[in-house]
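In what follows, a structure is listed as C-alpha cells, so that the remarks can point back to it.
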Amino acid sequence: MRNNTPTILNADQVAGLIGKLDLAAELRGMFAELGQKQAIQPAQTVTLFPEDRGDFITYLGAQGQSGVFGAKLSPYLVTGGKPIITAWTLLLSMETGEPLLLCDSGQLTTERTAGTTALAVDLLASPKAASLAIIGSGSVAQAHYRHVMDLREWDTVRIYSPGLDSDTARQNQWRDLCKDAVFADSAEAAATNADVVMLCTSSGRPVIANSAIGPNTLVTSISTNVAQAHEVNPDWLSTTQVYCDYRATTPNVAGEMVLAAQDFGWKPDEIRGDLAELTNDLAPKPEAGKPSFFRSVGLGLEDIAAAQAVLRCLEGTT
C-alpha cells in the first residue's frame, strides 16, 4: 500500500534514469488513449506574477486507462540578471487521489519533445526514408537524433547550426552519436534531397527556405518561448500536408499556423491529422508528390506520459 508521500526526484536523479525509460511506448499509448477519448488534454495556461515578476505555464493532462493525472508547472522568474526557468511535474493517482511522483522536468521536457517528434517521424515518414537532416545541434537536436536513429535505415545524416563548423566540442558530441554525420554549410545544404528534416532550434523566425524542401520531404518543427515562434515560413503551409500533435490546441499556439491563418488564408481544418488520430489509424498518411509538415507545441499529456515512464522505471514495470 503506497503512502501519500510522493517520490521526489531532482534533475540529476532524473538524468540517471533517462536511458532506461521506454518513453516511446508511453507516448504512443498516451496518444492512442487521447484518440479513443480516454485521455483529456486541456489547453495550457499562462499565469502572470504580480509586479512583473514573471509568470508560469501550467500543462495539464489526465489518462483514464493509465489511471493517472497531473500537471507540469514551468515558471519564468524575473531576476536582476538572467531569468530563472524551471519545470516540475506532479503525477497523481486517479484511483486514490494521492501524489505518486514529483520530479524535475527540465531534461524530461527535452526527451518528451524529441519522443513526440520521433513518433511523428515513425508514423509519417516513408518506410524507405534514408536521408535525415537536422537543423540545430544542441541538446534538443541530439535528443531528437537519439529518438529517431533506429526508426529508419539512415544512410545520410546532415546537421547544420550557426557556428557548428568551428565548434570542435559540439562536433565531437555528434561524432559520438553518429560517426558518419556530415556538418553542412547551411540549413538549405543540409535539407537538400533529405527525406526527413527535423527543425530543433530555439529560433522565433524561419530557419529554412521554402525552396530547400523537397516534394516528398517530411519537415518536423517544435516550439520555443518566443511569441508566435515559427521555424518555417507561414506561407509554406498552404503548399504542404499539415499534421500536428493535437489539432484541438496546436493551431491556436503554433506561430506559423496563427500567422498563416491571419495573413495567407490557411485554415486549421486543413490539418490532415494529429497524433491522436494517426495512432488510431483515423487520419490519412502523406501522399506522394507534396511535402508534409508536423508541428508539435508540447502537451501536458506528454509530460504526464514522461512522468509515468519514470514511475514505471522506478517500480520496475517497464
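Those letters in the sequence shown? Residues 2 to 319, by this note's numbering.
The beta carbon of each residue, even a glycine, is placed where N, CA and C say it ideally should be.
Remember, predicted model here, so these are calculated numbers, not experimental data.
Anticipated Cβ contact below 8 Å, residue i with residue j, distance rounded
{"i": "Ala195", "j": "Arg248", "result": "No, Ala195 and Arg248 are not in contact; Cβ-Cβ is about 26 Å, not under 8 Å."}
{"i": "Thr1", "j": "Arg296", "result": "Summary: the structure shown does not reach residue 1, with the chain confined to residues 2 through 319, and so no result is reported for it."}
{"i": "Thr90", "j": "Asp304", "result": "5 Å"}
{"i": "Leu200", "j": "Thr221", "result": "6 Å"}
{"i": "Gly62", "j": "Ala88", "result": "That pair is no contact at about 14 Å."}
{"i": "Ala170", "j": "Arg176", "result": "Their Cβ separation, rounded to whole angstroms, is 11 Å, which puts Ala170 and Arg176 out of contact at 8 Å."}
{"i": "Ala131", "j": "Glu99", "result": "Ala131 to Glu99, Cβ: 48 Å. No contact."}
{"i": "Leu18", "j": "Val311", "result": "6 Å"}
{"i": "Ala12", "j": "Asp105", "result": "4 Å"}
{"i": "Gln42", "j": "Gly301", "result": "6 Å"}
{"i": "Gly266", "j": "Thr114", "result": "Contact doesn't hold; Cβ gap of about 30 Å is too wide."}
{"i": "Ile136", "j": "Val227", "result": "So it is not a contact: roughly 16 Å between Cβ atoms."}
{"i": "Gly36", "j": "Thr280", "result": "6 Å"}
{"i": "Ser167", "j": "Tyr244", "result": "The Cβ separation is near 36 Å, so there is no contact."}
{"i": "Val208", "j": "Gln229", "result": "Contact flag wrong, Cβ pair sits at about 15 Å."}
Limits of the unbroken alpha helix (DSSP H) element including residue i
{"i": "Tyr146", "result": "Ser140 to Val149"}
{"i": "Phe295", "result": "Unbroken run through Phe295 is the beta strand (DSSP E), Ser293 to Arg296; no alpha helix (DSSP H)."}
{"i": "Arg54", "result": "Neither: Arg54 is in no alpha helix (DSSP H) and is coded neither H nor E."}
{"i": "Leu260", "result": "Gly256 to Asp264"}
The beta strand (DSSP E) enclosing residue i, as first and last residue numbers
{"i": "Val15", "result": "From DSSP, Val15 is part of no beta strand (DSSP E) but of the alpha helix (DSSP H) over Ala12 to Ala16."}
{"i": "Val158", "result": "Thr157 to Tyr161"}
Per DSSP, cross-strand counterpart(s) of residue i
{"i": "Thr46", "result": "Thr59"}
{"i": "Ala25", "result": "Paired residues: none, contrary to the question."}
{"i": "Ala40", "result": "Gln64"}
{"i": "Thr8", "result": "Leu102"}
Unbroken alpha helix (DSSP H) runs of length 4 or more, entirely within the stretch 70–140: which are they? 107–125
Evaluate contact between the stretch 206–219 and the stretch 232–241, counting only Cβ atoms and requiring at least three cross-stretch pairs below 8 Å. They touch, by the three-pair rule.
Take every Cβ of the stretch 34–50, pair it with every Cβ of the stretch 138–145, and state whether three or more of those distances are shorter than 8 Å. no
For the stretch 266–316, list the alpha helix (DSSP H) runs that are entirely contained and at least 4 residues long, ordered along the chain. Considered as a whole, the stretch 266–316 harbours 276–279 and 301–316 as its complete alpha helix (DSSP H) runs of no fewer than 4 residues, in chain order.
Length at least 3, wholly inside the stretch 176–243: the beta strand (DSSP E) runs in chain order: 197–200 and 219–222
Within the chosen definition, does the stretch 17–24 reach the stretch 94–113 through at least 3 CB pairs nearer than 8 Å? yes
Using 8 Å as the Cβ pair cut-off and three pairs as the minimum, do the stretch 235–245 and the stretch 263–271 touch? yes
Three or more beta-carbon pairs under 8 Å between the stretch 119–127 and the stretch 81–99, yes or no? Counting Cβ pairs under 8 Å, fewer than three are found: no touch.
Does the pairing of the stretch 76–89 with the stretch 178–193 give three or more beta-carbon distances under 8 Å? Too few Cβ pairs lie closer than 8 Å, so no.
Take every Cβ of the stretch 30–38, pair it with every Cβ of the stretch 61–74, and state whether three or more of those distances are shorter than 8 Å. yes
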